[in-house]
Ligand code: MTE
Ligand code: HPA
Ligand code: MOS
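In the UniProt record's numbering, the protein residues as written are 1 to 777.
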């Protein structure tokens with residue numbers, strides 16, 4: 001196989017287990033259909049199946065709930081409500097406002113009220129529908145605009161200020177003002193939410209769960225069934241995608257299965273059907289923005305104010321940190337001297353919105369891109385020039401509104417490289433020439449940059465652990481606290497350990513993530529999985545290596561003055577070349593410890609939530625993309641003709657995986673901004689709860705000409721092998737698709753009118769924006 005190599009290799013002599021494209025550690029199993037997901041685990045004898053009974057009202061008091069017809073349905077073994085919960089009826093990750101099963105009041109259509117346990121999945125689902133519930137309806141709020149008008153928030157609104165916005169705004173010669181709406185997004189992991197709870201002796205439980213956060217599942221289940229954490233073991237070998245949707249919201253499923261299994265002392269599986277999954281769980285927050293920006297005649301931003309209202313849903317979930325990340329990403333790649341950035345988490349009678357790739361970062365950054373796009377059009381300039389003019393500087397204009405100094409800025413160099421390699425300027429002219437001659441089909445082109453802060457914005461979460469075992473035959477087993485959701489964390493961690501011990505990847509194996517192996521883990525989230533767990537595993541492997549090296553010196557001496565080196569499956573010591581298993585066997589007999597734990601805590605982070613300032617991020621990842629689209633102005637159909645993306649993965653641990661991450665994030669983000677529309681009916685029921693009505697991108701939506709490259713860079717921070725995170729930031733790259741569509745629409749009015757285009761830019765929305773431009777032009 002022709003392996004892509006990282007742009008910069010660490011040193012020539014280094015054992016190259018890192019920095020080299022490696023196939024995903026489960027690639028063969030995936031392709032053969034032999035990779036075990038939670039639902040593939042062989043079921044134990046006596047396994048029962050659960051289903052949840054869901055609210056049909058958006059906001060109501062439950063006046064009566066007759067579950068007798070459910071209990072008498074075929075195959076039903078038990079029916080549970082909140083009254084049956086021995087511990088706490090709560091699965092909220094931060095604020096405890098999230099009941100597992102509703103009590104007295106329901107807060108959205110789809111809220112679980114009870115659980116049925118039956119002999120089969122099908123019987124459980126059929127039985128759940130037989131409940132006779134009567135409600136007394138209460139007033140409901142659905143949109144962020146309504147929540148804002150009513151002052152309904154799940155948390156106090158937040159504000160980040162720097163400089164004197166008002167004074168700077170008053171002095172500014174030009175202004176843009178407006179509103180923008182950007183829709184939410186369903187995670188649409190291919191494997192739905194699932195938990196399989198198996199009772200163990202002495203009131204203990206093993207919970208097999210598709211989750212990004214096994215430790216959180218452990219705590220939620222332990223609290224719900226009223227036992228200590230040491231009695232609950234949570235295991236996850238892999239997920240069929242998480243995308244943030246299994247960071248906190250796997251808890252409802254784990255807790256429900258756990259409660260039933262602990263009561264019945266029988267294994268209980270709870271697997272969400274796709275429609276239930278979409279009706280019950282939260283999504284990416286939609287945002288409503290009101291903005292007001294002052295700028296000068298060159299297009300330099302002098303003052304910026306934005307007020308963002310998120311649709312949090314009925315409970316807080318992770319909305320607070322999501323809003324904080326949005327506030328801290330409104331700047332994107334731009335220096336904003338005088339700002340007033342506000343965010344409010346609107347309380348609505350809808351699903352409780354949660355993490356989704358980017359975690360508010362994309363929602364924060366798209367607003368400033370929208371504003372810059374308008375400034376450029378108002379001045380009759382290419383938006384790229386306005387972007388560039390406002391970029392953060394290297395040594396000045398390099399402090400973010402929240403006070404973090406940017407010391408790793410490469411946005412100008414990266415953009416310049418992409419501008420060249422994508423032939424941006426010539427293509428701009430070609431697009432204009434095409435449009436001049438084409439009355440119906442209109443092309444659009446846009447280049448958008450990204451800067452994304454890496455670290456959990458809640459400081460204490462930036463820690464990880466690992467456990468590495470070397471067995472007597474020289475084979476190695478690796479555990480770490482991160483979870484595999486397809487992103488390749490296990491492959492990267494294995495590469496790191498192979499690199500430390502000088503072994504081939506085939507000598508190593510990874511185990512399921514397990515709360516009994518590594519304790520108190522953070523969610524695999526914030527794109528930090530490989531950063532944190534890679535470092536922890538490196539720490540563990542280094543300790544083993546150091547012990548082996550000391551023992552090798554004892555055996556073979558060190559008169560050659562060279563350090564003991566580990567590469568090529570051998571240990572090189574004082575002129576001897578000893579096979580790794582041979583040294584391991586000798587070390588075992590000499591009673592040298594051949595396993596180790598490892599730990600990592602990201603240094604230098606601090607954050608003051610009161611002043612919204614500090615140093616929340618370890619470093620920044622950068623990127624940019626150019627997209628070219630063609631829009632049919634009569635039907636609103638469009639196509640992405642070509643996309644070029646350049647992403648800064650530092651010294652990539654695995655360029656093959658990282659390029660895959662960039663491609664995946666690009667297409668996923670494109671879906672968010674174009675075809676993926678969530679629609680609730682006037683009674684508050686989500687009607688787009690299946691792929692029949694909710695359109696994620698398909699293979700035919702990928703551009704035929706798709707050029708994704710990694711930018712040659714090295715992390716200035718001492719990250720794992722100087723790599724950079726890749727999971728979420730590239731989700732911002734398809735801003736370029738949205739702004740290319742806006743550019744094509746704008747051509748209809750000779751680029752004189754700012755198209756009032758909101759996201760998602762569905763065909764209907766595109767047509768609406770075109771007619772608005774035509775009317776204004
Ligand atoms: N890639 C795949 N294939 N599947 C996923 O669910 N989740 C994304 C990203 N890439 C995801 C993915 C999200 S939301 C995050 S935070 C990161 O992966 C988490 O993994 P990492 O920190 O190990 O990169
Ligand atoms: N990303 C994902 N999850 C989180 C974060 C974040 O930045 N902060 C707290 N939980
Ligand atoms: Mo990713 S949204 O941080 O799980």
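We put the beta carbon where it would ideally sit given N, CA and C, even for glycine. These numbers were taken from a predicted model, which means no experiment stands behind them.
- DSSP places residue 545 in the uninterrupted alpha helix (DSSP H) bounded by 529-556.
- Around the beta-carbon of residue 86, fewer than 16 other beta-carbon atoms lie within 10 Å, marking it exposed.
- The secondary-structure analysis by DSSP pairs residue 615 across a beta bridge with 606.
- Non-local beta-carbon contacts of residue 613 in its own chain, meaning distances under 7 angstroms to residues more than five positions away in sequence, involve 402, 403 in chain order.
- CA-CA distance, residue 371 to residue 608, rounds to 28 angstroms.
- Our two residues, residue 544 and residue 497, have alpha carbons roughly 11 angstroms apart in a direct line.
- Note on the region 416-492: whole beta strand (DSSP E) runs with a minimum of 3 residues are 441-454, 463-470, 476-480, in chain order.
- Look at the beta carbons and you see the region 739-748 touching the region 615-633: at least three pairs across the two are nearer than 8 angstroms.
- Proximity of the beta carbon of residue 238 to the ligand MOS is not indicated: no heavy atom of the ligand is located closer than 8 angstroms.
- With a 10 Å radius around the Cβ and a threshold of 16 neighbouring Cβ atoms, residue 591 comes out exposed.
- Here the distance from the Cβ of residue 212 to the nearest heavy atom of the ligand MOS is below 8 angstroms.
- Taking a C-beta distance under 9 angstroms as the contact criterion, residue 49 and residue 117 qualify as a contact pair.
- Cβ neighbours of residue 514 within its own chain (closer than 6 angstroms, five residues either side excluded): 235.
- Separation of the CB atoms of residue 523 and residue 212 is rounded to 5 angstroms, and the pair is thereby assigned contact status at 8 angstroms.
- The ligand MTE approaches residue 529 closely enough that one of its heavy atoms is under 8 angstroms from the residue's Cβ.
- In this structure, residue 646 places its C-beta atom within 9 angstroms of the C-beta atom of residue 421.
- In this structure, the straight-line span from the alpha carbon of residue 140 to that of residue 434 is close to 49 angstroms.
- In the three-state reduction of the DSSP assignment, residue 253 falls in the helix class.
- With at least 16 other beta carbons inside 10 angstroms of its own, residue 598 counts as buried.
- In summary, residue 579 is exposed, with fewer than 16 beta-carbon neighbours lying within 10 Å of its beta-carbon over all protein chains present.
- Distances from the CB of residue 359 to the heavy atoms of the ligand MOS include at least one below 8 angstroms.
- The nearest non-hydrogen atom of the ligand MTE is 8 angstroms or more from the C-beta of residue 617.
- Excluding the 5 residues flanking it on each side, residue 369 has same chain C-beta neighbours closer than 7 angstroms at 332, 448, 735, 739, in chain order.
- 320 is the residue among 320, 424, 461 whose C-alpha sits nearest the C-alpha of residue 610.
- A distance of 9 angstroms or more separates the beta carbons of residue 280 and residue 92.
- Taking 9 angstroms as the cut-off, the beta carbon of residue 547 is found no closer than this to the beta carbon of residue 507.
- The residue from 159, 698, 222 with its alpha-carbon nearest to that of residue 664 is 698.
- Looking from the CA of residue 620, the closest CA among 539, 451, 719 belongs to 451.
- The beta carbon of residue 152 is closer than 6 angstroms to those of 141, 347 in its chain, skipping five residues each way along the sequence.
- Apart from the 5 residues on each side of it in sequence, residue 674 sits with its Cβ closer than 6 angstroms to the Cβ of 760, 761 in its chain, given in chain order.
- Looking at 79, 287, 18, the one whose alpha-carbon comes closest to that of residue 146 is 287.
- Residue 239 and residue 485 do touch by the CB rule: their CB atoms are close to 4 angstroms apart, below 8 angstroms.
- Nearest Cα to residue 384 within the set 284, 77, 445: 445.
- Relative to the ligand MTE, the nearest heavy atom lies less than 8 angstroms away from the CB of residue 485.
- Residue nearest to residue 187 within the set 119, 228, 277 is 277 (criterion: CA-CA distance).
- For residue 770, same chain residues with a beta-carbon under 7 angstroms away, outside a window of 5 residues either side, are 633, 745, 748 in chain order.
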